[in-house]
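**Student:** Can you read through this structure? Questions will come right after.
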Amino acid sequence: MLGEANRIVICSGWLKTAGVQLLLPELEAAVARNVNVTVYSNKPPRKTEDETEEGAILALQKLGIEHIIVERQFYLHAKICYVETGQRFHRVIGSANITIGGLRKNEELPFCCPGRSLTISI
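Going by UniProt numbering, the first residue of the sequence shown is number 1, and it counts up by one from there.
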């Protein structure tokens, strides 16, 4: 799904280094094609809470991916991957965070909702 994208938005409350590593080949390929990639994740309130790991942040920075850390006014719980490819888009909505558990080990429930962009002529 990411292979032909021209826009990728990933939203995951938990963002772990191992999870980013699983996506790295596709993210690297997307960046090489000048795809606009944005990742949203939580900002931990204390050093002991590592919802977003420093290694994950560094891996995204190394690729030049825009990473937006959500401040603590609210807790980011949504798990969404939005991918645009030309006039088509896919939204994967579910329970999986960008972690090794969320992507490989846990029983998660992703739902893919494809669609087409509307072009309106005036």
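Yeah, the Cβ is synthetic: ideal placement off N, Cα and C, and Gly gets one too.
None of these values were measured; they are calculated from a predicted model.
Might you give, ordered along the chain, the residues of its own chain that have their beta carbon closer than 6 Å to the beta carbon of Val9, omitting 5 neighbours on each side?
**Tutor:** By 1-based counting over the sequence shown, the position of residue 9 is 9. Excluding positions up to five away in sequence, the list reads Thr38 and Tyr82.
**Student:** Going by other Cβ atoms of all chains shown within 10 Å of its Cβ, with 16 needed for buried, is Ser12 buried or exposed?
**Tutor:** Within the sequence shown, the letter at position 12 stands for residue 12. Answer is buried; the Cβ neighbour count reaches 16.
**Student:** Consult DSSP for Lys79 and reduce its assignment to one of helix, strand or coil.
**Tutor:** Residue mapping note: residue 79 aligns to position 79 of the sequence shown, counting from 1. Reduced to three states, the DSSP call for Lys79 is strand.
**Student:** What's the call for Ile65, buried or exposed, on a 16-neighbour Cβ count within 10 Å?
**Tutor:** Stepping through the sequence shown from its first residue, residue 65 is reached at position 65. So Ile65 counts as buried.
**Student:** So which of His90, Gly115 and Ile98 has the shortest CA-CA distance to Gly3?
**Tutor:** Here residue 3 is taken as the residue at index 3 of the sequence shown, counted from 1. Gly3 has its Cα closest to that of His90, out of His90, Gly115 and Ile98.
**Student:** Tell me the residue span of the beta strand (DSSP E) that contains Gly115.
**Tutor:** Here residue 115 refers to the residue found at position 115 when the sequence shown is read from its first residue. Counting along the chain, the beta strand (DSSP E) containing Gly115 begins and ends at Phe111 to Arg116.
**Student:** Have a look at the DSSP bridge pairing and note the partners of Phe89.
**Tutor:** If you number the sequence shown from 1, residue 89 lands on position 89. Note: Phe89 sits in a beta bridge opposite Glu84 and Gly115.
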